[in-house]
Each structure stands twice: as C-alpha cells, then as structure tokens.
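Take 14 as the starting number for the sequence shown in this note's numbering and just add one per residue.
Built from N, CA and C at the ideal position, the CB exists for glycine as well.
Keep in mind it's a predicted model, so treat the numbers as computed, not measured.
Working notes, structure below.
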Amino acid sequence: MGLGTTVMVVGTEKSLSITWDTGVIEDDKPVLSRQTLKVDSAMTAQEAYDAAYNIAGLTDYIIADIKLVETQTLGPID
C-alpha cells in the first residue's frame with residue numbers, strides 16, 4: 014500500500030463552525046470565540062446558515078463567521 018494505491022473515501026463527516034464576536038476588546042482587537050458542532054453529513058449550506066442564526070438567537074454574541082466543514086477520511090492505510 015502507499016504511493017500509487019487507489020484512494021478510497023472511507024468516511025465523511027461534517028461540522029458546523031461558528032465564530033462568535035464576544036463584544037470584548039483586548040489590545041484594540043475583538044475577542045472571538047469558536048464553537049464547533051458535529052452535524053449530519055447531509056446538512057446543506059442553507060441549513061447550516063439557518064442553524065447558526067437559530068443558535069445565535071439563544072446567546073448574547075454576534076456571529077463573526079460561519080463555516081460548514083466537510084472532512085473525508087481516506088484509505089487504505091496499511
């Protein structure tokens with residue numbers, strides 16, 4: 014196995030990453046906080062966006078960034 018071996022996707026996961034602006038300023042820069050949640054692999058970009066804003070409605074923070082991240086696990090590894 015190794016170089017030249019045909020790759021296979023052996024797993025796919027998605028996560029929703031929300032970066033929050035906490036409203037705090039330190040050294041003239043906003044303090045940000047990142048939260049990452051594992052989500053269903055079928056989640057769409059629109060669903061991720063809507064979910065982030067639904068979560069934001071439960072906090073005192075402002076959304077600074079939203080990312081829907083897909084991670085593929087590749088194999089074989091021997």
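Here the alpha carbons of Tyr62 and Val22 stand approximately 26 Å from one another. In the DSSP annotation of this structure, the continuous segment of the alpha helix (DSSP H) that includes Ala64 starts and ends at 58 to 69. In this structure, the alpha-carbon of Ala64 lies about 21 Å from that of Gly36. Taking a 10 Å sphere around the C-beta of Ile38, we find fewer than 16 other C-beta atoms and assign the residue as exposed. Linking Trp33 to Val20 through their CA atoms gives a straight-line distance of about 37 Å. By the Cβ neighbour-count rule, Ile31 is buried, with 16 or more other Cβ atoms within 10 Å of its own.
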